[in-house]
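Chemist: Next up is a structure, given as structure tokens.
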Amino acid sequence: MMSILRTILPVLPFAAAALHNASMTLLATVLVAWFGVVAAAAEMTPAIVQAPDSPVKLDHAKILNVVEGEPAVLFYAATNLTDNDLEQFTVVAFIFEGDGTLRSRQAAPGRRTLEKRATKYSTMVIDVRALTPTDRIVIGVDQAQRVDSEKWWSAELVDAAKAAVKK
1 MMSILRTILP
11 VLPFAAAALH
21 NASMTLLATV
31 LVAWFGVVAA
41 AAEMTPAIVQ
51 APDSPVKLDH
61 AKILNVVEGE
71 PAVLFYAATN
81 LTDNDLEQFT
91 VVAFIFEGDG
101 TLRSRQAAPG
111 RRTLEKRATK
121 YSTMVIDVRA
131 LTPTDRIVIG
141 VDQAQRVDSE
151 KWWSAELVDA
161 AKAAVKK
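Take the sequence shown: its position 144, counting from 1, is numbered 144 in this note's numbering, and each next residue is one higher.
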């Protein structure tokens, strides 16, 4: 019995270390896979629609924080396509279910004072309803106003948004 113990005891630390390393490797693999799924579910890319005469172009758009119990956040770049400073513009987000049914529409002012030919980044909290991973989002600019002007440019984007979802 003592000879068996003398043979096994020196090997036990190596066996324990191997088991520990195997469980740590398994844990690391599971965590990496889980974070990959969470990261994929936590971000969407919305479709962007634009009226032909729109003074503002949106791009680099992402929907962030698509998680249960918290509002999603639209991140976007807005570029003034004109040679005039814009006092303000309005960004609209259309939220469609996975089957293409329009369920919600949310509008919010974009950044104030968008200088001529300039690009600025901004965000919009989408809190009109909770988003699901199967929802489809379409965004665009539906209003803009030049500095020192009472007149607004405007466009209706709902038909373009519906067409973008059908693609």
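Quick reminder that beta carbons are idealized off the backbone N, C-alpha and C, glycines included.
Owing to the predicted nature of the structure, the values given are computational and were not obtained by experimental measurement.
How about Thr125 and Ala107: are their beta carbons less than 9 angstroms apart?
Modeler: The identity of residue 125 in the sequence shown is Val, whereas the question assumes Thr. No. Outside cutoff.
Chemist: Which term fits Arg136, buried or exposed, when burial requires 16 or more other beta carbons within 10 angstroms of its beta carbon?
Modeler: With 16 or more other Cβ atoms within 10 Å, it is buried.
Chemist: Are Ala160 and Val141 close, meaning C-beta to C-beta below 9 angstroms?
Modeler: Cβ atoms of Ala160 and Val141: not closer than 9 angstroms.
Chemist: With 16 other CB atoms within 10 Å as the buried threshold, where does Ala93 fall?
Modeler: Buried is the call here.
Chemist: With a CB to CB cut of under 7 angstroms and the five nearest residues on each side skipped, what residues in its chain are close to Arg111?
Modeler: Correct list, in chain order: Ala78, Lys120, Ser122.
Chemist: So, with DSSP's three-state summary, where would you put Val165?
Modeler: Note: Val165 maps to helix in three-state DSSP.
Chemist: Helix, strand or coil: which one does DSSP assign to Val158?
Modeler: Reduced to three states, the DSSP call for Val158 is helix.
Chemist: Look up Leu74 in the DSSP assignment and give the residues it is bridged to.
Modeler: Ile63, Met124, per the DSSP bridge assignment.
Chemist: Are the beta-carbon atoms of Lys62 and Leu81 separated by less than 9 angstroms?
Modeler: No. Outside cutoff.
Chemist: Who pairs with Glu43 in a beta bridge, going by DSSP?
Modeler: Leu64, per the DSSP bridge assignment.
Chemist: Looking only at its chain, what residues have a beta carbon closer than 6 angstroms to the beta carbon of Arg103, apart from the 5 residues adjacent to it on each side?
Modeler: Excluding residues within five positions, the ones whose Cβ falls inside 6 angstroms are Ile95, Glu97.
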